[in-house]
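Visitor:
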Amino acid sequence: MSEQKKEYYLVQELDETAISAYTARNNQEAEKELMVKLIKIEDQILSLCWGVSELKICIEEVYSDKIIVKVKAFGKTVARLTLDKNKTCAKVKSDIGDLARVDVRLCVDFNKKEMTAKGKICAAFVCTKFNQIILQW
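One rule links them: number in our numbering = place in the sequence shown (from 1) + 1457.
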């Protein structure tokens, strides 16, 4: 399968008062990073998604001790996860149809107040890999 590099993007932005700053910088693979840095995010119900290719990782709720996330691929919800201080990482693997699949590992570090996503999404014979901080608060 060939590797294809794409830019990461936010599907939906939050109200400007909740956003501290967007950060764009080059990572080791010279791909663009894009994440959102939030202020006063804890104990909030959100509608914020980070995506690459046909993968969307949507942060639904953020509390001081847990984050609720929905993983969507090709328009279908493949997982809804709760990450907390006892379960800081979760892996989602799913085949969508005959030629598509997603493999993602989500981790949250409550001390650093950041969430990362690592994995790949494949459609037909093209895979897109990612290793990204997707949220800081």
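For every residue, glycine included, the Cβ atom is placed at its ideal position computed from N, Cα and C.
#1: Taking the alpha-carbon positions, what's the residue 1519 to residue 1560 distance?
#2: Straight-line CA distance for residue 1525 to residue 1573?
#3: Quick one: Cα of residue 1575 to Cα of residue 1555, how far?
#4: Any idea if residue 1521 is buried or exposed, counting beta-carbon neighbours within 10 angstroms, 16 or more meaning buried?
#5: With a CB to CB cut of under 6 Å and the five nearest residues on each side skipped, what residues in its chain are close to residue 1579?
#6: At the level of alpha carbons, what is the spacing between residue 1541 and residue 1531?
#7: Exposed or buried, which one is residue 1533 when buried takes at least 16 other CB atoms within 10 Å?
#8: So, at 7 Å on beta carbons, what are the nonlocal neighbours of residue 1565 in its own chain, with the 5 sequence-adjacent residues on each side left out?
#9: With a 10 Å radius around its C-beta and 16 neighbouring C-beta atoms as the bar for buried, classify residue 1569 as buried or exposed.
#10: Under the rule that 16 or more other beta-carbon atoms within 10 Å means buried, what is residue 1550, buried or exposed?
#11: So residue 1542 is in the beta strand (DSSP E); what residue range does that whole segment cover?
#12: Excluding five sequence neighbours on each side, which residues of the same chain lie with their C-beta closer than 8 Å to the C-beta of residue 1553?
Guide: So, from the data block:
#1: For the pair residue 1519 and residue 1560, the Cα-to-Cα distance works out to about 23 Å.
#2: So the two alpha carbons sit approximately 14 Å from each other.
#3: Distance between the alpha carbons of residue 1575 and residue 1555 is about 23 Å.
#4: By the 10 Å Cβ count, residue 1521 comes out exposed.
#5: Closer than 6 Å at Cβ, skipping near neighbours: 1558.
#6: Taking the straight line joining both Cα atoms gives about 27 Å.
#7: Per the 10 Å Cβ criterion, exposed.
#8: Contacts found: 1524, 1540, 1545, 1572.
#9: With fewer than 16 neighbouring CB atoms inside 10 Å of its own CB, residue 1569 falls in the exposed class.
#10: Answer is exposed; the Cβ neighbour count stays below 16.
#11: Annotation: residue 1542 is outside any beta strand (DSSP E) and is labelled neither H nor E by DSSP.
#12: Hits under 8 Å: 1530, 1531, 1533, 1535, 1559.
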